[in-house]
Amino acid sequence: MKLRKHKTLREQIVFSLRESIIRGELKPGTKLTEPELAARLGISRTPIRESFRQLESEGFLTVIPRKGAVVSNITRKDIEDFYELKSLLEGYAARIAAEKMTEKDIEKLIQINVELSDCAEKNNYERFFIKNEEFHNYFLTLCGNEKLVEIRDAMVKRFLGFRMAALSLPGRLMESVKQHEQAIKAFKRNDGRLAEAVLVEHALLGGDYLAEQVDRASREQEVAEERT
């Protein structure tokens with residue numbers, strides 16, 4: 201586990217643990233304890249405890265009182281349920297937003313997607329995640345349904361781990377950029393039905409990628425257990 205320069209010590213720990221989980225370096229079921237990490241990093245237990253709480257809220261860890269934390273297990277059904285609901289909400293929002301799109305709105309989405317392309321080329325998935333949220337939030341806000349936005353925001357925050365894991369998969373960043381380009385084309389035409397179809401496919405494809413990764417990891421774990 202390596203700490204990188206971020207604003208606070210807690211943010212450094214959160215980033216490093218999150219990255220280790222996403223990359224599969226910390227497997228589901230792995231136990232993490234405050235004393236062990238504090239000793240390894242030469243810091244107090246307070247920022248580690250705070251980091252555990254944040255990662256639990258993101259779905260990466262399950263905190264066990266007085267015992268530490270365990271890396272959460274992601275099942276195929278969890279992924280399918282999440283992405284099906286996400287596709288419905290974002291697809292509907294895209295359909296309504298498409299009918300309201302102006303040239304200025306299109307220019308903004310193009311600008312964001314250019315930045316996303318740059319992040320993809322540099323494989324900077326952390327920055328990509330931030331700009332990707334900006335892209336999606338733009339048309340979600342434009343749809344004008346505040347309740348839909350509230351429900352969607354609460355849901356994606358709870359399952360942040362799924363989305364970050366999906367974006368971290370090989371080739372997924374640039375594929376996401378290309379799908380955004382298709383969405384922008386639909387928005388330019390003010391074609392609500394096409395925009396909805398593109399965003400539904402975009403969400404479900406992200407779920408498919410992650411589900412395949414989870415299945416692969418599960419098979420690898422079964423093989424490893426058979427060998428022991």
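When you line the sequence shown up against our numbering, it's residues 201 to 428, in that order.
Idealized CB from N, CA, C, for every residue including glycine.
It should be emphasised that the depicted structure is a prediction, and the values quoted were computed from it without experimental measurement.
Check whether residue i and residue j have beta carbons under 8 Å apart
i	j	result
F335	L309	yes
L289	R358	no
L285	H380	no
P228	V263	no
I221	F282	no
G291	L232	no
A395	C343	no
I306	K388	yes
N293	L340	Sequence inspection shows Ala at residue 293; the Asn mentioned does not correspond to that position. The answer is yes: Cβ separation under 8 Å.
E234	I213	no
V398	Q382	yes
I274	F215	no
R210	S251	yes
E299	G406	no
A411	E280	yes
Unbroken alpha helix (DSSP H) run spanning residue i, endpoints
i	result
T246	246-257
I351	346-358
E236	234-241
Opposing strand residues paired with residue i [DSSP bridges]
i	result
T262	V270
L285	Paired residues: none, contrary to the question.
K231	V270
Test: residue i CB closer than 8 Å to a CB of chain D
i	result
D318	This model lacks chain D altogether, as it is built from one protein chain only.
The segment 328-335 in contact with the segment 367-377 per 3-pair CB rule at 8 Å:
The segment 328-335 is in contact with the segment 367-377.
Secondary structure, alpha helix (DSSP H): runs of 4+ residues fully inside the segment 316-402:
Restricted to the segment 316-402, the alpha helix (DSSP H) segments that are unbroken, complete and at least 4 residues in length are 325-342, 346-358, 360-367, 372-388, listed in chain order.
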